[in-house]
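K.L.:
Top line first, the protein sequences correspond to chains A and B.
Basically my numbering = 1-based index in the first sequence + 611.
Basically my numbering = 1-based index in the second sequence + 611.
Once you've had a glance at the structure underneath, I'll fire off some questions.
Protein chains: 2
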Amino acid sequence: MDSALPKITSMTTDEASKWLKERDNFLILTHIRPDGDTLGSACALCNALREDGKTAFVLRNNQVTRRYTDYTAPYWAEDFEPEYVISADIASEGLFTPNAEKYKGKIDLAIDHHPSNTGFAKNTLLDPESASCGETVYELLKHMFGAISKETATLLFIAVTTDTGCFRYGNTTARTLRVASELIEAGAPGAELNKRLFRTKTQARVNLESEILNNLEYGRDGKIATVVVTQEMIKKTGADEDDMEDIAAIHGQIEGVVVSITIREQEDFTSKISVRTSKLVDAGAICAKLGGGGHAMAAGVNLNCGVWEAREKILKAVDEVWK
Amino acid sequence: MDSALPKITSMTTDEASKWLKERDNFLILTHIRPDGDTLGSACALCNALREDGKTAFVLRNNQVTRRYTDYTAPYWAEDFEPEYVISADIASEGLFTPNAEKYKGKIDLAIDHHPSNTGFAKNTLLDPESASCGETVYELLKHMFGAISKETATLLFIAVTTDTGCFRYGNTTARTLRVASELIEAGAPGAELNKRLFRTKTQARVNLESEILNNLEYGRDGKIATVVVTQEMIKKTGADEDDMEDIAAIHGQIEGVVVSITIREQEDFTSKISVRTSKLVDAGAICAKLGGGGHAMAAGVNLNCGVWEAREKILKAVDEVWK
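Shown next, in the form of structure tokens:
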């Protein structure tokens with residue numbers, strides 16, 4: 612469970628700005644299962660440092676999905692020997708990619724917005740008020756350089772818009788929208804990016820959504836919605852990893868649903884469970900019953916059993932936590 | 612088809628501001644099939660004028676849907692005798708509600724953002740650069756009063772967010788996001804409103820989406836997606852008018868789809884066709900072939916025939932326009 616209070620003392624934006632200005636030769640890390648925020652934040656920082664005449668790379672993340680391939684391509688390095696290592700949007704060393712193992716204990720600067728940041732880095736710029744790490748990077752770069760380029764703005768817009776579900780999620784604040792507005796003014800093609808990121812679905816995704824909606828099971832008068840996503844369903848629809856993004860959110864939108872559960876059959880026929888809840892029920896407490904964890908409104912657990920047995924177990928855990 | 616250039620001369624914001632300041636006893640009109648923009652704009656203006664000590668009402672719109680009932684309730688009047696009549700977000704007198712017929716030719720001030728506004732009013736405040744009429748009303752009220760109340764901000768946020776699909780649509784600009792940011796700063800509960808308006812679906816809506824996705828037919832290698840929505844489907848899913856909102860957008864999101872067609876069976880078994888296109892094809896030209904019309908990327912036509920015959924006709928029209 613996240614605590615609402617950060618566990619560590621953050622640098623000020625001015626301190627982080629000076630720290631970067633005085634140094635050179637940076638490698639920037641992103642987290643496993645990379646999303647738009649870690650990728651956009653890392654690449655934007657890399658791009659702005661390069662524009663300032665410095666040498667900077669982002670450590671290749673092999674899990675990057677189709678959606679972000681083009682935007683991130685110019686920044687990857689596999690074997691760059693840096694003087695300084697920076698992490699972007701990474702809350703703990705447990706979220707490092709395999710090729711970043713050797714940098715554990717050696718991060719010079721962590722830039723993050725997770726209140727749960729463990730303080731693994733020598734220096735941390737932490738802003739838990741930011742909806743996305745991209746918001747924090749934007750304020751930093753604006754402080755450092757006064758203005759940002761179109762390329763940097765585009766990468767930051769990707770970070771800001773994806774971490775807020777295109778400004779729909781509860782983390783969106785007045786500052787988030789102001790930052791997004793300034794990014795468009797700096798040249799980010801906001802409408803084009805939102806069309807590409809939020810209003811384009813593959814046929815496979817559409818088929819998958821249809822399968823999920825067709826296979827929903829409701830419990831407790833519609834307050835619990837459960838779906839089992841089997842390998843057969845995934846193969847039938849032609850969905851790849853990109854198409855599976857955020858599928859747990861689909862039935863959480865349904866009016867009256869308090870707990871939404873997604874049980875996804877893995878290729879080895881074990882089960883990966885996602886639980887989303889409204890404020891009424893603690894998702895983290897439900898998953899903790901089975902050895903998992905997460906946030907109060909979004910949590911998960913992997914079980915070494917088939918999906919139908921997993922379904923029984925998680926529904927029992929819901930009953931134990933939500934009387 | 613809309614022209615990109617307004618046909619009429621707009622008042623300046625300062626002129627419209629002075630015009631309102633010097634007058635009293637206003638009735639404000641909304642358009643048929645009211646959306647969040649016409650309702651939010653009209654009620655926000657009404658609320659701000661009342662807070663300034665003036666008498667103002669919004670003429671009851673009997674087509675208002677469940678989603679907006681609570682927000683609009685305090686402002687309705689049925690038989691108020693005004694000194695001045697204002698229209699909000701209405702492009703032409705053809706879009707007046709039946710109870711507003713008597714005000715045709717008698718509108719004192721039209722506030723609008725449609726470039727196609729016909730100039731039916733004695734005075735017009737027209738800003739075709741605004742993504743929503745709410746954006747125009749916000750700039751006007753900020754000019755008039757310097758600041759706006761939480762209630763006014765809430766109504767304007769509804770206008771701004773609904774007309775941009777929660778900032779996802781191509782009409783969203785840097786100014787739109789800046790206005791939304793300022794509305795949250797003025798007290799609009801942005802996250803709560805977006806949750807209610809965009810992240811809550813009824814079970815009936817979910818069932819309907821599922822039916823639509825299950826019944827899609829693709830043509831021309833996936834570039835044309837067509838769905839027929841029958842009365843039987845509507846009844847089976849339990850969908851009401853609120854649940855039918857924007858259903859034409861569902862299959863327009865699919866990757867590779869250039870033309871998406873929705874043929875909806877009416878209660879009298881005639882057909883209502885919606886056509887959405889990407890920039891490659893002119894939706895208005897397709898519908899014009901059958902006597903309908905609209906914009907370049909969104910158009911429609913009603914046909915006095917059954918849905919299957921309507922399907923043949925519209926697909927033929929697509930072939931004629933898009934060779």
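For every residue, glycine included, the Cβ atom is placed at its ideal position computed from N, Cα and C.
Have a look at A:Lys632, A:Ser652 and A:Asp635 and flag the residue whose alpha-carbon is nearest the alpha-carbon of Thr641 (chain A).
P.N.:
It is A:Ser652 whose Cα lies nearest to the Cα of Thr641 (chain A).
K.L.:
Does DSSP classify Thr649 (chain B) as helix, strand or coil?
P.N.:
Of the three classes helix, strand and coil, the one that applies to Thr649 (chain B) here is helix, per DSSP.
K.L.:
Quick check: the Cα distance between Ala627 (chain B) and Lys812 (chain A), rounded to an integer number of angstroms?
P.N.:
Taking the straight line from one Cα to the other gives about 43 Å.
K.L.:
If you draw a straight line from the alpha carbon of Val949 (chain B) to that of Lys924 (chain B), how long is it in whole angstroms?
P.N.:
Residue 949 (chain B) falls outside the range modelled here, since chain B spans only 612 to 934, and no answer is possible.
K.L.:
Starting from the Cα of Gly647 (chain A), find the closest Cα among A:Tyr682, A:Asn734, A:Gly903 and A:Gly867 and give me that residue.
P.N.:
Of the candidates A:Tyr682, A:Asn734, A:Gly903 and A:Gly867, the one whose C-alpha sits nearest the C-alpha of Gly647 (chain A) is A:Tyr682.
K.L.:
Are Ala655 (chain B) and Thr763 (chain B) close, meaning C-beta to C-beta below 8 Å?
P.N.:
Result yes, Cβ atoms of Ala655 (chain B) and Thr763 (chain B) sit closer than 8 Å.
K.L.:
Considering Cα atoms alone, identify which of A:Gly745, A:Ala894 and A:Leu720 is closest to Lys629 (chain A).
P.N.:
Comparing Cα-Cα distances from Lys629 (chain A) to each of A:Gly745, A:Ala894 and A:Leu720, the minimum goes to A:Leu720.
K.L.:
Check whether the stretch 784–793 of chain B and the stretch 805–820 of chain B are in contact - that is, three or more C-beta pairs closer than 8 Å.
P.N.:
These segments do not touch.
K.L.:
Would you tell me roughly how many angstroms separate the C-alpha atoms of Ser614 (chain B) and Pro726 (chain B), rounded to the nearest one?
P.N.:
Low local confidence applies: a pLDDT of 43 at Ser614 (chain B) is under 50, so the model's placement there is unreliable, with the coordinate-based value given in what follows. Approximately 7 Å, taken between the alpha carbons.
K.L.:
Tell whether a beta-carbon distance below 8 Å holds between Lys900 (chain A) and Ala859 (chain A).
P.N.:
No, Cβ-Cβ distance for Lys900 (chain A) and Ala859 (chain A) is not below 8 Å.
K.L.:
Taking 8 Å as the cut-off, decide whether the C-beta atoms of Asn636 (chain A) and Tyr695 (chain A) are in contact.
P.N.:
Yes, Cβ-Cβ distance for Asn636 (chain A) and Tyr695 (chain A) is below 8 Å.
K.L.:
The stretch 770–792 of chain B: which residues have C-beta closer than 9 Å to a C-beta of chain D, in chain order?
P.N.:
Protein chains A and B are contained in the structure displayed, whereas chain D is not.
K.L.:
Could you work out which residue in B:Val748, B:Ala742, B:Lys717 and B:Gly903 is closest to Lys733 (chain B) when comparing CA atoms only?
P.N.:
Checking every option, the nearest Cα to that of Lys733 (chain B) belongs to B:Lys717.
K.L.:
For a test of the three-state rule: what should DSSP assign to Ala799 (chain B), helix, strand or coil?
P.N.:
In the structure shown, Ala799 (chain B) sits in coil (DSSP, three-state: anything other than H, G, I, E or B).
K.L.:
When burial is assigned at 16 or more other CB atoms within 10 Å of the CB, is Leu891 (chain A) buried or exposed?
P.N.:
It is exposed - the Cβ of Leu891 (chain A) has fewer than 16 other Cβ atoms within 10 Å.
K.L.:
Along the beta strand (DSSP E) that carries Val748 (chain B), what are the first and last residues, could you check?
P.N.:
From DSSP, Val748 (chain B) is part of no beta strand (DSSP E) but of the alpha helix (DSSP H) over Cys744 to Phe756.
K.L.:
In angstroms with no decimal places, state the Cα-to-Cα distance between Glu878 (chain B) and Thr783 (chain B).
P.N.:
One C-alpha to the other measures close to 35 Å.
K.L.:
Smallest Cα separation from Tyr714 (chain A): which of A:Leu670, A:Thr735, A:Ala684 and A:Asp851?
P.N.:
Considering only alpha carbons, the answer is A:Leu670.
K.L.:
Report yes or no: is there a C-beta of chain A within less than 8 Å of the C-beta of Lys890 (chain B)?
P.N.:
No, no contact with chain A.
K.L.:
I'd like to check one pair, Arg779 (chain B) with Asn805 (chain A): are the Cβ atoms closer than 8 Å?
P.N.:
Result yes, Cβ atoms of Asn805 (chain A) and Arg779 (chain B) sit closer than 8 Å.
K.L.:
Comparing alpha-carbon positions, which option in B:Arg644, B:Leu706 and B:Met755 lies nearest Glu1009 (chain B)?
P.N.:
For chain B, the structure presents residues 612 to 934; residue 1009 (chain B) sits outside this window and is missing.
K.L.:
Measure the beta-carbon distance from Asp700 (chain B) to Asp723 (chain B) and round it to whole angstroms, keeping in mind my assumption that it falls under 8 Å.
P.N.:
About 6 Å; that satisfies the 8 Å criterion.
K.L.:
When you compare only the Cα positions, how much space is there between Leu638 (chain A) and Ser703 (chain A)?
P.N.:
Using only the alpha carbons, I get a separation of about 17 Å.
K.L.:
Give me the chain B residues within the contact set of Phe809 (chain A), using Cβ-Cβ distance strictly less than 7 Å, ordered along the chain.
P.N.:
Neighbours of Phe809 (chain A) on chain B, chain order: Arg779.
K.L.:
Taking only three categories from DSSP, how would you classify Val892 (chain B)?
P.N.:
Looking at Val892 (chain B) - three-state DSSP - the assignment turns out to be coil, as it is neither helix nor strand.
K.L.:
Would Gly905 (chain A) and Ile884 (chain A) qualify as a contact pair, given that the criterion is a beta-carbon distance under 8 Å?
P.N.:
Contact: no.
K.L.:
Taking the beta carbon of Thr620 (chain B) as the centre, do at least 16 other beta carbons fall within 10 Å, making it buried, or is it exposed?
P.N.:
With fewer than 16 other Cβ atoms within 10 Å, it is exposed.
K.L.:
Under the DSSP definition of a beta bridge, which residues are partnered with His642 (chain A)?
P.N.:
Its beta-bridge partners are A:Phe707.
K.L.:
Glu746 (chain A): buried (16+ other C-beta within 10 angstroms of its C-beta) or exposed?
P.N.:
So Glu746 (chain A) ends up on the buried side.
K.L.:
Should Asp613 (chain A) be flagged as near chain B, meaning a C-beta pair shorter than 8 Å?
P.N.:
Note that Asp613 (chain A) scores a pLDDT of 44, beneath 50, so its modelled location is shaky; the value from the coordinates is reported in the next line. False, the Cβ-Cβ gap to chain B never drops below 8 Å.
K.L.:
Looking at the C-beta of Gly833 (chain A), does it have a partner C-beta in chain B at a distance below 8 Å?
P.N.:
Yes, contact with chain B.
K.L.:
Asn825 (chain A) touches chain B at which residues, Cβ-Cβ below 7 Å?
P.N.:
Result: Ser821.
K.L.:
I want to see whether chain B comes within less than 8 Å of Val817 (chain A), judged by CB atoms only; does it?
P.N.:
By this cut-off, Val817 (chain A) is an interface position.
K.L.:
On the three-state DSSP scale, how would you describe Ala859 (chain B)?
P.N.:
In the structure shown, Ala859 (chain B) sits in a helix (DSSP, three-state: H, G or I).
K.L.:
Which residues share a DSSP beta bridge with Asp723 (chain B)?
P.N.:
DSSP, once it has assigned bridges, lists B:Leu737 as partnering Asp723 (chain B).
K.L.:
Using a Cβ-Cβ cut-off of 6 Å (strictly less than) and excluding sequence neighbours within five positions of Met612 (chain A), which residues of its own chain qualify?
P.N.:
Reliability of the predicted coordinates at Met612 (chain A) is poor, the pLDDT of 39 falling under 50, and the value obtained from them is presented with this limitation in mind. Closer than 6 Å at the Cβ level, and outside the excluded window around Met612 (chain A), lie Gly895.
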